[in-house]
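**Q**
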Amino acid sequence: MQKLKVKGKNILSGEIKISGSKNATLPILAASILSEKKIDLKRVPLVKDVVTMCHLLKYMGSNIKINSQKKNILINNKNKKFKKIAPYSFVKTMRAGVIVLGSLLARFGKAKVSLPGGCAIGTRPVDIHLYGLKRLGAKIKIKNGYIFAEAKKGLTGAQIRFPSISVGATENVIIAASLAKGITYLKNCACEPEIKNLTDFLNKMGANISWLGKREIKIIGCKKFNHVSHQVMFDRIEAGTFIIAGALIGKKLKISGIQTRFLNTEIKILRKMGVRMQISKDYIYILHSPKIKPVKIKTEPYPGFPTDLQAQMIVLMTKAKGKSQIKENIFENRFMHVPELNRMGAKINTLGNLSYVEGPQNLNGAEVMATDLRASVSLVLAGLIANNQTVINRVYHLDRGYEDLEKKLRQCKAKISRIF
Ligand code: UD1
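Per the working numbering, residue 247 is the first one in the sequence shown, and the count goes up by one each step.
(1) Using only alpha-carbon positions, find the residue among Ile429, Arg461 and Gly428 that is nearest to Phe442.
(2) Taking Lys569 as the reference, which of Asp650, Val541 and Ile665 has the closest Cα?
(3) Report buried or exposed for Ser663, applying the criterion of at least 16 other Cβ atoms within 10 angstroms of its Cβ.
(4) Return yes when the Cβ of Leu280 is within less than 8 Å of the Cβ of Ile353, no when it is not.
(5) Using the beta-carbon count (16 or more within 10 Å), is Thr369 buried or exposed?
(6) Answer yes if the stretch 520-539 comes into contact with the stretch 500-509, meaning at least three C-beta pairs across the two stretches below 8 Å, and no otherwise.
(7) Any heavy atom of ligand 1 closer than 7 Å to the CB of Asp446?
(8) Count the other C-beta atoms from every protein chain shown that fall within 10 angstroms of the C-beta of Phe336, then say buried if there are 16 or more, exposed otherwise.
(9) Go to Asn418, then tell me how far its alpha helix (DSSP H) extends in each direction, as first and last residue.
(10) Which same chain residues end up closer than 6 Å to Lys284 when comparing Cβ atoms and leaving out the 5 residues on each side of it in sequence?
(11) What are the boundary residues of the beta strand (DSSP E) that includes Asn322?
(12) Do Lys330 and Lys358 count as a contact pair if the criterion is CB distance below 8 Å?
(13) Would you say Val337 touches ligand 1, meaning its beta carbon is less than 7 Å from a heavy atom?
(14) Run the CB neighbour count on Pro273, radius 10 Å, all protein chains shown included, and call it buried at 16 or more, exposed below.
(15) From Leu302, Lys464, Leu347 and Val293, pick the residue whose C-alpha is nearest to that of Leu644; which is it?
(16) Mind checking whether Glu512 and Ala270 have CB atoms under 8 Å apart?
(17) Quick one, are the C-beta atoms of Gly206 and Asp554 less than 8 Å apart?
(18) According to DSSP, which residues form a beta bridge with Arg456?
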């Protein structure tokens, strides 16, 4: 099994160009099923989850060409014998597979999609997805671990208020409603920038979707779509991760290829912590930041602080002088990196969904275990500031969502390598 070896205490300097967003690419790929016309996606991050979604689409009958040099994907879903099935083998490794449910139902009136099941960070049910699709007229049954959905006469627009905010459910229902008969009003939607990127993509293709307010969307169903070329937005979480790396151990580290207006909450919190930054519209310089101050924060749906940056933020908190606090409001079991960080010398106490971090602590290199995507990268960050060497096991978690992580860090003088 592959491992990562990180030698700590090397100052990061230079430039890191941020890749396209994994969490924007996955629903866009799922939405591609809606159309028979050619789709050209640019700035696609070729990470494991995206490749798995492409394999799922290929399995169903899509013609997909990946150009790894140009980071482009060309899709053609004209196939008349499209399979309306998303098997367990794909959905178990990549939960976003469940988003093909909305597009299969909308285009073919039928879908059989594996239930994703739980994962390391929590139970992660799909009840809100199913609630929304039922409100559009789908008949849904769960049998043998699969969701069987049907809408023989097609889906019909409806007024839907999501019982709680879910990124995936909002995406699934937007995709389905864009090809439904009549008008759909969605309330209490998630409003992550990746969802706006999805609605931009669908509108370019010919859908009629408008955001009426921060959490309210109107969708006038359309009948068919046009060819489309679309550039995926930057990865906010990758950007946040490298900004935190810069705050920990950077000296004029440039993070480019971003839109800083989507990072306002993160920037505000980091400034409060004493991280020195020069901010422009599409790049940030992280300057040497020797005095990190403690903060008390909580994870929330966008525009709040993202749960996907909680593990990385905890590493920065170990450098703050005093007691920091972070409350995890999105997932019930997302502190699995804490025992590993404590093994490296951090002083973190977890009580339910709260973690208290005492700093500043010097971390020492150790052999540690990655448990999920963001936990893995937090261990890389810890390795970058630790004395001696850190070895991270189970790095396949990292490959699900970070494109060229080692290469990007090495270009900025980090000492990181993969053991095969
Ligand atoms: C997406 C992101 C993930 C991020 C998460 C929260 C993708 C591919 N993944 O995941 O990186 O961490 O948003 O920002 O974009 N829930 C239910 N029932 C449902 C759906 C969700 O109870 O039907 C719960 C979840 O268990 C969780 C919360 O709602 O506690 C938020 O989950 P959701 O926003 O749906 O996350 P994902 O779309 O799975």
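Here a beta-carbon is modelled for each residue, glycine too, at the ideal position from N, C-alpha and C.
**A** In this structure, then:
(1) According to the sequence provided, residue 442 is Lys. The question's Phe does not apply to it. Taking only the C-alpha atoms, the option nearest Lys442 is Arg461.
(2) Val541
(3) exposed
(4) The amino acid at residue 353 is misidentified as Ile; the sequence shows Arg. The answer is yes: Cβ separation under 8 Å.
(5) exposed
(6) yes
(7) no
(8) buried
(9) Val413 to Ala423
(10) Asn322 and His473
(11) Asn318 to Asn322
(12) yes
(13) no
(14) buried
(15) Val293
(16) no
(17) This structure does not reach residue 206, given that the chain is present from 247 up to 666, and the question cannot be answered.
(18) The residue asked about is misnamed: residue 456 is Ser in this sequence, not Arg. According to DSSP, which records beta bridges pairwise, Ser456 is partnered with Lys464.
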